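To start, the structure under review is shown below, and the notes come after it.
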Amino acid sequence: MATRRGYGKDVTLLETIDLDETALCFNPMKNTPADYYHFHECTELLFISKGVGIAVAEHHQFTVKPGRLFVFPPGRVHKIHVEQDSRNQYHRTTLHFNSAVLEPYLRDFPRLQKRFCQLSRYGEKIRIFDVSEMQANFEALFVLFEKRHSAHQPTVNDSAFLLMQLISLLPEQEEEEALVVEQNAFSREIIGWIEQHFQQHCSLKALAEAMSSSEGHVSRRFRQETGGTLQEYLVMRRIRHACELLVHTRLSVKEVGAQSGFNEYAWFITSFRKYMARTPLQYRKSYSLRG
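Position in the sequence shown (from 1) plus 6 gives the number in this note's numbering.
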């Protein structure tokens with residue numbers, strides 16, 4: 007099957023999935039954390055079997071719980087924070103797939119093909135579905151797929167068929183609200199403030215004043231509720247914005263850095279290389295200009 011690889015211990019944003027000719031990476035996991043911001047250049051389907059936590063996706067928060075299914079189109083930043091212990095085990099299944107390769111295999115099923123495109127194309131929004139009433143059906147499909155292909159490599163037809171079955175089980179309406187538990191409302195306010203100010207010089211002092219709290223309290227609460235630091239989130243948000251500008255505009259690299267909140271060009275280049283394992287110019291050249 008396809009494999010996944012990272013760019014090193016210090017890289018927290020780009021996680022690369024090596025998709026082979028099957029165009030799908032199927033990965034059931036138990037008690038394996040992935041508590042870091044990242045995105046993929048392919049589509050990710052994440053199904054939660056066990057565990058309760060928080061998904062920080064773009065600038066929203068969502069409740070992670072059994073029976074919830076997340077669809078992250080290419081380029082959508084997210085992090086799943088689950089505090090694991092004997093009473094809160096984290097079991098999930100991820101499917102990463104190349105939608106451009108698989109879409110033609112659904113051409114004889116126009117309704118499914120249309121919905122597949124709506125879920126998985128670049129530029130689409132993150133979608134969350136509550137499929138708790140059909141959790142057993144989803145898990146049975148995963149077990150059957152894994153059993154059938156434990157000894158033999160699945161074909162691209164097998165990959166397309168699995169996705170067709172999963173899509174056919176999805177409810178028509180996805181979850182529209184940020185279903186975050188009440189005790190995380192504080193970090194949600196922080197994320198909202200960062201969303202409005204990340205392109206400017208925004209200090210911890212200014213954020214604390216906006217939250218009517220001390221700097222120490224703001225930092226501690228954010229880490230407690232999201233599993234990450236304020237600096238980590240802020241840099242991630244700025245780099246993600248820079249990626250969008252590099253792909254969708256013809257701004258110079260220096261202009262991209264400035265418009266993404268990096269007030270020093272050298273800081274932008276260093277941060278981008280650390281989190282993306284390539285320079286901004288290399289990242290831009292890896293894409294054809296969209297938009």
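Cβ atoms here follow ideal geometry from the backbone N, Cα and C, with glycine treated the same way.
Only a predicted model underlies this, so the values are computations on that prediction, with no experimental measurement involved.
Is it buried or exposed for residue i, if we count other Cβ within 10 angstroms and need 16 for buried?
i: residue 281; result: buried
i: residue 149; result: exposed
i: residue 169; result: buried
i: residue 146; result: exposed
i: residue 266; result: buried
i: residue 207; result: exposed
i: residue 57; result: buried
i: residue 232; result: buried
i: residue 43; result: buried
i: residue 269; result: exposed
i: residue 104; result: buried
Would you say residue i and residue j are within 7 Å of each other, going by their C-beta atoms?
i: residue 38; j: residue 79; result: no
i: residue 31; j: residue 87; result: no
i: residue 29; j: residue 165; result: yes
i: residue 298; j: residue 204; result: This structure gives no information on residue 298, because the portion of the chain shown stretches from 7 to 297.
i: residue 143; j: residue 100; result: no
i: residue 253; j: residue 287; result: no
i: residue 97; j: residue 156; result: no
i: residue 108; j: residue 77; result: no
i: residue 242; j: residue 19; result: yes
Using the C-alpha atoms, what's the distance from residue j back to residue i?
i: residue 73; j: residue 27; result: 30 Å
i: residue 82; j: residue 279; result: 19 Å
i: residue 53; j: residue 61; result: 12 Å
i: residue 194; j: residue 289; result: 30 Å
i: residue 167; j: residue 275; result: 43 Å
i: residue 36; j: residue 277; result: 32 Å
i: residue 293; j: residue 251; result: 12 Å
i: residue 201; j: residue 213; result: 12 Å
i: residue 22; j: residue 92; result: 31 Å
i: residue 223; j: residue 113; result: 54 Å
i: residue 312; j: residue 173; result: The first residue shown for the chain is 7 and the last is 297, placing residue 312 beyond what the model contains.
i: residue 47; j: residue 163; result: 22 Å
i: residue 136; j: residue 272; result: 44 Å
i: residue 191; j: residue 159; result: 45 Å
i: residue 120; j: residue 171; result: 14 Å
i: residue 115; j: residue 122; result: 10 Å
Per DSSP, what are the beta-bridge partners of residue i in this structure?
i: residue 102; result: 31 and 50
i: residue 62; result: 67 and 85
i: residue 56; result: 97
i: residue 44; result: 84
i: residue 26; result: None; residue 26 has no bridge partner.
Between residue i and the ligand PLP, is there a pair consisting of the residue's CB and a ligand heavy atom that are separated by less than 6 Å?
i: residue 32; result: In the structure on display, the ligand PLP does not appear, and there are no ligands present to speak of.
My parser needs the alpha helix (DSSP H) runs of 4 or more residues fully inside the region 229–285; what are they? Listed in chain order, the alpha helix (DSSP H) elements of length 4 or more contained wholly in the region 229–285 are 236–254, 259–265 and 271–282.
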